[in-house]
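Residue numbers 13 to 67, in this note's numbering, belong to the letters of the sequence shown in order.
We treat Cβ as the ideally placed atom computed from N, Cα and C, and that holds for glycine.
Just so you know, these numbers come straight off a predicted model, no measurement behind them.
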Amino acid sequence: FRCFHTILCLKPQTVELIVMAACVLHNLLRIRKGMLQEADQEDPDTHELIPGSWR
13 FRCFHTILCL
23 KPQTVELIVM
33 AACVLHNLLR
43 IRKGMLQEAD
53 QEDPDTHELI
63 PGSWR
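Printed below as a string of structure tokens:
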């Protein structure tokens, strides 16, 4: 996903395809790796960040 850290000097249609492909890849990785449970969370009482296991 490094390409999104810079300006994409491409045709709008090409950028649209890249974004859609990245979304599909992101969703696939979340499903395959169970990243939803591994994400960072916030303690509701102290508002401290609880690092997820992905780190």
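query                                                                                                                : result
Does the distance between the C-beta of Ala33 and the nearest non-hydrogen atom of the ligand HEM fall short of 7 Å? : The ligand HEM is not among the ligands present in this structure, which contains no ligands whatsoever.
Rounded to the nearest angstrom, what separates Thr58 and Val27 at their Cα positions?                               : 41 Å
Check Ile62 in the structure and name its three-state DSSP category.                                                 : strand
Using CA coordinates, which residue listed in Gly64, Ile43, Arg42 is at the minimum distance from Asp52?             : Gly64
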